[in-house]
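Participant:
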Ligand SMILES: [Zn+2]
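Residue numbers (my numbering): 6 to 124.
1. Ligand 1 and residue 16: does any heavy atom of the ligand fall closer than 7 Å to the residue's C-beta?
2. Less than 8 Å between CB atoms is the rule here; does residue 91 satisfy it with respect to chain B?
3. Which first and last residues belong to the alpha helix (DSSP H) in which residue 106 is found?
4. Per DSSP, what kind of secondary structure is residue 20 in: helix, strand or coil?
5. Verify the contact flag: residue 107, CB atom, against every heavy atom of ligand 1, threshold strictly below 7 Å.
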């Protein structure tokens, strides 16, 4: 269990889950295809980006859902400003979480062994 959490955390902080030394991103939103230190393939094909996008979408929806529930059960929170804040979070959070969600997906691929198999 601790290994799974460690590997997911490594992906979250954009560190290679195998060697824990290589960085996952070379700049901005540009991810290395493989670890510059140990050669682990982070995403073997371009379609695997959808896994990271899925993690990002679920995390964003959970934040919006729980924010909506909190606003709904707390009558002292003014609705319009709260709605505007939730909309801004729903727009900005996925951008800020993009790299970590792709890193976490690469960690999941590492845990399941999908990125270690040859083509
Ligand atoms: Zn590595």
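Positions of the beta carbon are idealized from the N, C-alpha and C atoms, including for glycine.
Keep in mind the model is a prediction, meaning the values are calculated, not measured.
Facilitator: So, from the listed chains and residues:
1. no
2. Within the model displayed, chain B is absent; a lone protein chain is all it includes.
3. 84-117
4. strand
5. No, Cβ of residue 107 sits at least 7 Å from all heavy atoms of ligand 1.
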